[in-house]
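K.L.:
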Amino acid sequence: MCFYPQVLQPLYRTSIIILLALAATIVSWSGKNGIHAASMDETIRIAIVKSASEVTVAGDGLLVTNENGDPLAISFPATVKPDRDGVLVEGKRYRRLLFSASSAVYVNNKPYRGLAELSVVDKGILVVNQLPLEEYLVGLINCEISSAWPIDAVKAQAIIARTYAVNRKMARITAAYHMESSVIDQVYDGSLIEDSRARRAVSETAGEVLTFGGAVIQAFYHSSCGGRTEASENVWGAPFPYLKGVECQYCLTSPVATLWENKLTLKELEDRLRTAGHKVTGLSDIKPGPTNSRGRLKQVVLIATKGNVTITGEQFRKAVGYGVIKSTRFTMKNSKNEIGFSGSGNGHGVGLCQWGAKQRALDGFAFGEILSYYYPGTELKKLSDIR
Ligand SMILES: [Zn+2]
């Protein structure tokens, strides 16, 4: 969920375009003055639209080129549709279209910095936003946390988002894009929700990434752990020396973000479990299985008339819905064919706990101390120094 300071309305669009142009001028000035010139060279490719049957592109002073780099004359807003293995605009087909502007390219009415690249994958339009990594981070901050949080928590978020992005880029260097724009990777929604505090946190940590043994780490993070962060092997099977889990009472100071309750009928639960492929018939109760060393449910037992089924806590969360079962740290109560769930924590629990980091920053810890607490044994390094 991104924290929108405003909703884009047509009447405000002109003033926003002027503001974005002004921001671009300031960025260009700061880049030239060396605030983060070195790290501005690093780009990232994000899939912002997938499998679309139509995409609208607009903006002031847009440049558009085809797959060979030839400039094209297209009037805006342009409606682009898929057509066999190409994209169709104004009756002509192209293999690929690239849109860029000095301020922003509007894709389906949302502004993006850098380039928007449109192509067809599996009969639908794929839009990839290619932009400087540092600019991506400024746009991302308010989608992951609020930039109004203490600045050291915002800086910690900037560094882990940068670290995660660099790690993903290295893993998917030959792919059409490096990351999704959703919770699958990191939530990103363009440049509309950039602000000065997000920009400050990014520029004051420019190019800094977390490393272990000299290599960029897998900087997993989550909203709230509920008291103790999780070991990576309990979620994904792979152990990492810096993701063993730590104690965290800090997020518990924000109960609204950490504690949750939900209710579903046995019928609703059975439907969701069956839709996810679990063979459950006649669900009459759900019992907790054993917990792991970090206090989370390893397994959940589905009591059913046609045979009990045991699934992992993570499989249960995925089947019932991440928004309903917010973590695998929960208890259950069966009351009149309805199961009530009470839990703490939001997310997989691995790596940095965002609400815990906020409290640690409020307690006076600097971003470096916050990061070394949640990722023990890691070191902060400049990206330019490890390449
Ligand atoms: Zn926590």
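So for the sequence shown, my numbering puts the first residue at 1; every next one is plus one. Beta carbons: idealized from backbone N, C-alpha and C, even for Gly.
May I ask whether a heavy atom of ligand 1 can be found less than 7 Å away from the beta carbon of Ser224?
P.N.:
Yes, ligand 1 has a heavy atom inside 7 Å of this Cβ.
K.L.:
Starting from the C-beta of Tyr221, find all residues in its chain whose C-beta is less than 6 Å away, skip the five residues before and the five after it, and write them out in chain order.
P.N.:
Cβ neighbours of Tyr221 beyond the five flanking positions: Ile160, Gly351, Leu352.
K.L.:
Taking the runs of the beta strand (DSSP E) that are 3 residues or longer, which of them lie wholly in the segment 319–386?
P.N.:
The qualifying runs are 330–335, 338–344, 379–382.
K.L.:
Is the beta carbon of Thr312 closer than 8 Å to that of Gln299?
P.N.:
Yes.
K.L.:
Would you kindly work out how many angstroms separate the C-alpha atoms of Lys382 and Ala357, rounded to a whole number?
P.N.:
Rounded to whole angstroms, Lys382 to Ala357 spans 22 Å at the Cα level.
K.L.:
Near Met179, which residues of its chain fall below 6 Å by C-beta distance, leaving aside the five closest residues on each side in sequence?
P.N.:
Correct list, in chain order: Ile46, Arg168, Asp185.
K.L.:
Does the distance between the C-beta of Tyr250 and the nearest non-hydrogen atom of ligand 3 fall short of 7 Å?
P.N.:
Of the ligands this structure carries, namely ligand 1, none is ligand 3.
K.L.:
Taking all protein chains shown into account, do 16 or more other C-beta atoms lie within 10 angstroms of the C-beta of Tyr94, making it buried, or fewer, making it exposed?
P.N.:
Buried, because 16 or more other Cβ atoms sit within 10 Å of the Cβ of Tyr94.
K.L.:
How big is the Cα-Cα spacing for Ser284 and Glu268?
P.N.:
Answer to the nearest angstrom: the Cα atoms are 12 Å apart.
K.L.:
Where Phe341 and Lys81 are concerned, what is the direct C-alpha to C-alpha distance, given to the nearest angstrom?
P.N.:
Distance between the alpha carbons of Phe341 and Lys81: 45 Å.
K.L.:
Once the 5 residues before and after Val389 are set aside, which same chain residues still bring their CB inside 6 Å of it?
P.N.:
Because the chain spans 1 through 387 in this model, residue 389 falls outside it and cannot be assessed.
K.L.:
Report the rounded CA-to-CA distance for Val235 versus Ala176, giving the unit in angstroms.
P.N.:
So the alpha carbons of these two residues sit roughly 27 Å apart.
K.L.:
Given that a residue counts as buried once 16 or more other Cβ atoms are within 10 Å of its Cβ, and exposed if not, what is Gly207?
P.N.:
Gly207 should be labelled buried.
K.L.:
Please classify Ala231 as buried or exposed, where buried requires at least 16 neighbouring CB atoms within 10 angstroms.
P.N.:
Answer is buried; the Cβ neighbour count reaches 16.
K.L.:
Locate the alpha helix (DSSP H) running through Lys169, then write down its first and last residues.
P.N.:
151–171 is the span of the alpha helix (DSSP H), which, as asked, contains Lys169.
K.L.:
Do Gly356 and ligand 1 come close, with the Cβ less than 7 Å from some heavy atom?
P.N.:
Yes, since a heavy atom of ligand 1 falls inside the 7 Å radius drawn around the Cβ of Gly356.
K.L.:
Decide if Asn142 is buried, meaning its Cβ has at least 16 other Cβ atoms within 10 Å, or exposed.
P.N.:
So Asn142 counts as buried.
K.L.:
Could you spell out the range, first to last residue, of the beta strand (DSSP E) harbouring Ala52?
P.N.:
Per DSSP, Ala52 belongs to the beta strand (DSSP E) from 43–52.
K.L.:
Comparing alpha-carbon positions, which option in Leu140, Ile339, Trp149 lies nearest Ser182?
P.N.:
That would be Leu140, whose Cα lies nearest to the Cα of Ser182.
K.L.:
For Thr43, I'd like the list of residues in its chain whose CB is within less than 7 Å of its CB, leaving aside the five on either flank, ordered along the chain.
P.N.:
Around Thr43: Gln130, Leu131, Pro132, Leu133.
K.L.:
Which stretch, first to last residue, makes up the beta strand (DSSP E) that contains Val57?
P.N.:
Unbroken beta strand (DSSP E) run through Val57: 55–58.
K.L.:
I believe Thr174 touches Gly226 by the beta-carbon criterion, under 8 Å. Please report the beta-carbon distance rounded to the nearest angstrom.
P.N.:
Wrong, their Cβ atoms sit about 38 Å apart, outside the cutoff.
K.L.:
May I have the straight-line CA-CA distance separating Val121 from Gly345, to the nearest angstrom?
P.N.:
Rounded to the nearest angstrom, the two C-alpha atoms are 37 Å apart.
K.L.:
Would you be able to state if there are at least three C-beta pairs under 8 Å between the segment 284–298 and the segment 360–374?
P.N.:
With a cut-off of 8 Å, the segment 284–298 and the segment 360–374 do not count as touching, because too few Cβ pairs lie within range.
K.L.:
Ligand 1 and Cys353: does the residue's C-beta get closer than 7 Å to at least one heavy atom of that ligand?
P.N.:
Yes - ligand 1 has a heavy atom lying nearer than 7 Å to the Cβ of Cys353.
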